[in-house]
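Participant: Numbering (this note's numbering), first residue to last: 831 to 1089.
(1) Do residue 862 and residue 893 have their C-beta atoms closer together than 7 Å?
(2) Please report how far the alpha carbon of residue 1031 lies from the alpha carbon of residue 1047, in whole angstroms.
(3) Taking DSSP as the reference, what is the three-state secondary structure of residue 967?
(4) Is residue 918 helix, strand or coil when you go by DSSP?
(5) Compare the Cα-Cα distances from residue 864 to each of 878, 1039, 914, 888 and report the closest residue.
(6) Alpha carbons only, please: which of 1041, 1029, 903 is nearest the one belonging to residue 843?
(7) For residue 1071, which residues in the same chain have their Cβ closer than 7 Å to its Cβ, ignoring the five residues on either side in sequence?
(8) Assuming residue 852 is part of the beta strand (DSSP E), what are its boundary residues?
(9) With DSSP as the reference, identify every bridge partner of residue 1009, one or two as the case may be.
(10) Could you check the C-alpha separation between residue 1076 and residue 1085 for me, to the nearest Å?
(11) Can the beta-carbon of residue 998 be found closer than 7 Å to that of residue 956?
(12) Count the other CB atoms within 10 Å of the CB of residue 1081; is the residue buried (16 or more) or exposed (fewer)?
(13) Rounded to a whole number of angstroms, what is the C-alpha to C-alpha distance between residue 900 and residue 1078?
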């Protein structure tokens, strides 16, 4: 029987400049079909809000997510699977930088959600896996493609084809997470510090960096470099760049407005 309910709460902090997205569905934060759609709806709202500069995703459960509602798969029409993953991977399409804070299990669709974010922070106890092979299935929300680009084809095949769990240290060593912290308290502090750092930069520069990195990684080298050059030229005409140069010369902190 499929699970129902679960929440994807959206709150704002730092005078509305940070969107806080919280997954909530019990101890293991099982992600239901409703929660998938709610993720897309929350990001549609975030992307319309020009005041939001940074997004943070976390879970209020004991674990970030043990994965999706397995029983629910059998109650979904197969044709609906053609759009599987488009909703839960909304962070990848957002123009805002998205930070995800992982503690505990990060399995299945939970890992695919995390992989669609820009910067991943985690605790040492965290464990990562795409265990769909245990069900006679493969990841369907970007897991095969994003994980292989991060850790290499050979390691990705090993983990996906054997459903092997990755330790927090392995995830840090292989670039799946950017930082590893001893516990949730330290993770929360590190997340806040990262958000503060990102808020100090130009929203235009952050948006351009995300786009150039995401688009360039799949393009031939010289196409990526050309994209980088054009983005650089565009930013040269921005008020934020002029402010950054002025602040550098005057030895003060710049005040970026996103123009």
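Note that beta-carbon positions come from the ideal geometry of N, C-alpha and C, so glycine has one too.
Facilitator: Let me spell this out:
(1) Here residue 862 is taken as the residue at index 32 of the chain shown, counted from 1. Here residue 893 is taken as the residue at index 63 of the chain shown, counted from 1. Not a contact, by the Cβ cut-off of 7 Å.
(2) Position 201 of the chain shown, counting from 1, holds the residue named residue 1031. Position 217 of the chain shown, counting from 1, holds the residue named residue 1047. Roughly 23 Å separates the two Cα atoms.
(3) Locating residue 967 in the chain shown gives position 137, counting from the first residue. When secondary structure is reduced to three states using DSSP, residue 967 falls in the coil class, being assigned neither helix nor strand.
(4) For this step, residue 918 is matched to residue 88 along the chain shown. Assignment of residue 918 by DSSP, reduced to helix, strand and coil, places it in the coil class.
(5) Translated into the one-based positions of the chain shown, residue 864 becomes position 34. The option with the nearest alpha carbon to residue 864 is 914.
(6) Against the chain shown, residue 843 aligns to sequence position 13. Residue 1029 is the option with its Cα nearest to residue 843.
(7) Mapped onto the chain shown, residue 1071 falls at position 241. Correct list, in chain order: 1065.
(8) For the purposes of this step, residue 852 is identified with residue 22 of the chain shown, where counting begins at 1. It spans 848–854 - the beta strand (DSSP E) in which residue 852 sits, taken as one unbroken run.
(9) Translated into the one-based positions of the chain shown, residue 1009 becomes position 179. Residue pairing by DSSP places residue 1009 opposite 951 in a beta bridge.
(10) Residue mapping note: residue 1076 aligns to position 246 of the chain shown, counting from 1. Residue mapping note: residue 1085 aligns to position 255 of the chain shown, counting from 1. Distance between the alpha carbons of residue 1076 and residue 1085: 10 Å.
(11) Working through the chain shown from its first residue, we reach residue 998 at position 168. Working through the chain shown from its first residue, we reach residue 956 at position 126. Against a cut-off of 7 Å, the Cβ pair of residue 956 and residue 998 comes out as a contact.
(12) As a working mapping, residue 1081 is identified with position 251 in the chain shown. Counting Cβ neighbours within 10 Å, residue 1081 comes out exposed, since fewer than 16 surround it.
(13) Against the chain shown, residue 900 aligns to sequence position 70. Against the chain shown, residue 1078 aligns to sequence position 248. Distance from the CA of residue 900 to the CA of residue 1078, rounded to the nearest whole angstrom, comes to 54 Å.
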